[in-house]
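Enquirer:
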Amino acid sequence: MCGECCRMNTTDSNLIIMSASEVREIMAATGLSWDEVAEPYPDLLEEDGVSYTFDWCIRRNPEGTRSCVFQGADNRCTIYEHRPWICRTYPLMLADSVSEDGCTVTNLLKSECLCYGNKITDDEAKAQAEDLIARKINEDREFMKIKSVYGKISLQKIKENGIKKCVIDSEGVKEIV
12 MCGECCRMNT TDSNLIIMSA SEVREIMAAT GLSWDEVAEP YPDLLEEDGV
62 SYTFDWCIRR NPEGTRSCVF QGADNRCTIY EHRPWICRTY PLMLADSVSE
112 DGCTVTNLLK SECLCYGNKI TDDEAKAQAE DLIARKINED REFMKIKSVY
162 GKISLQKIKE NGIKKCVIDS EGVKEIV
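Mapping to this note's numbering: the sequence shown position 154 is 165, numbers consecutive.
Written out as structure tokens, the structure is:
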């Protein structure tokens, strides 16, 4: 395992987006706080005087390679059994697009990975395919939950409550301090 995907090679190349439930799973497994596990996605939207994002990312070390805080000295993941879906399925992902005739098509995408291409068994390939499908289902569910939360909130009321920056996730609104 090279651990290259856990280190920042170009600006934000190692941003690992995760859901609120994934943050909570890592917290339960490690005993760490929310802020020790996650950081807000850095690209914020601006509306009604409130800066916000919809995503959390695995916290990265503040210096040097900005590596994932869970990357051990041996490049191994210290939360391997509890790692987010994106880490379980990297470098593969399923992404929807719309065809010329207006149909939604799910495509298999592959990111660059120095270690990808090593031979795997049929059982490993099947497990990876199952993980990809489970990841897609979880991401779609998370999207719908966030959409529901966003549809019920008022950014103006958030601003009136003194919140200037926040993450809107499947659990609600969390202030960024």
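We put the beta carbon where it would ideally sit given N, CA and C, even for glycine. Note that the coordinates shown come from a computational prediction; the quantities given were computed from them, not determined experimentally.
1. Roughly how many angstroms separate the alpha carbons of lysine 170 and glycine 60, rounded to a whole number?
2. Between Val80, Met155 and Asp107, which has its C-alpha nearest arginine 94's C-alpha?
3. Just reading off the beta strand (DSSP E) that isoleucine 179 is part of, what are its end residues?
4. Which residue comes first and which comes last in the beta strand (DSSP E) that contains valine 184?
5. Three-state secondary structure (DSSP) at lysine 158?
6. Taking proline 102 as the reference, which of Arg146, Asn72 and Cys114 has the closest Cα?
7. Could you check what DSSP says for asparagine 118 in three-state terms: helix, strand or coil?
8. Just how far apart, CA to CA, sit tyrosine 28 and serine 44?
9. Do tryptophan 67 and proline 53 have their C-beta atoms closer together than 8 Å?
10. Closer than 8 Å is the cut-off here; do at least three beta carbon pairs connect the stretch 113-120 with the stretch 32-49?
11. To the nearest angstrom, report how far apart tryptophan 96 and lysine 175 are at their CA atoms.
Expert: So, to answer that:
1. Locating residue 170 in the sequence shown gives position 159, where the first residue counts as 1. Locating residue 60 in the sequence shown gives position 49, where the first residue counts as 1. Between lysine 170 and glycine 60, the C-alpha separation is close to 7 Å.
2. Residue numbering aside, residue 94 sits at position 83 when the sequence shown is read from its first letter. Of the candidates Val80, Met155 and Asp107, the one whose C-alpha sits nearest the C-alpha of arginine 94 is Val80.
3. The residue you call residue 179 lines up with position 168 of the sequence shown. Segment 176-180, the beta strand (DSSP E) holding isoleucine 179.
4. For the purposes of this step, residue 184 is taken as residue 173 along the sequence shown, with counting starting at 1. It spans 183-186 - the beta strand (DSSP E) in which valine 184 sits, taken as one unbroken run.
5. By 1-based counting over the sequence shown, the position of residue 158 is 147. If DSSP states are grouped into helix, strand and coil, lysine 158 belongs with the helices.
6. Translated into the one-based positions of the sequence shown, residue 102 becomes position 91. For proline 102, the nearest C-alpha among the options comes from Arg146.
7. Along the sequence shown, read from residue 1 onward, the residue named residue 118 stands at position 107. In the three-state reduction of the DSSP assignment, asparagine 118 falls in the strand class, which pools E and B.
8. Residue numbering aside, residue 28 sits at position 17 when the sequence shown is read from its first letter. Residue numbering aside, residue 44 sits at position 33 when the sequence shown is read from its first letter. Residue identity differs from the one stated: residue 28 is isoleucine in this sequence, not tyrosine. For isoleucine 28 and serine 44, the distance between alpha carbons rounds to 17 Å.
9. For the purposes of this step, residue 67 is identified with residue 56 of the sequence shown, where counting begins at 1. For the purposes of this step, residue 53 is identified with residue 42 of the sequence shown, where counting begins at 1. Against a cut-off of 8 Å, the Cβ pair of proline 53 and tryptophan 67 comes out as no contact.
10. no
11. Reading the sequence shown from its first residue, position 85 is the one you call residue 96. Reading the sequence shown from its first residue, position 164 is the one you call residue 175. If you take the alpha carbons of tryptophan 96 and lysine 175, they lie about 30 Å apart.
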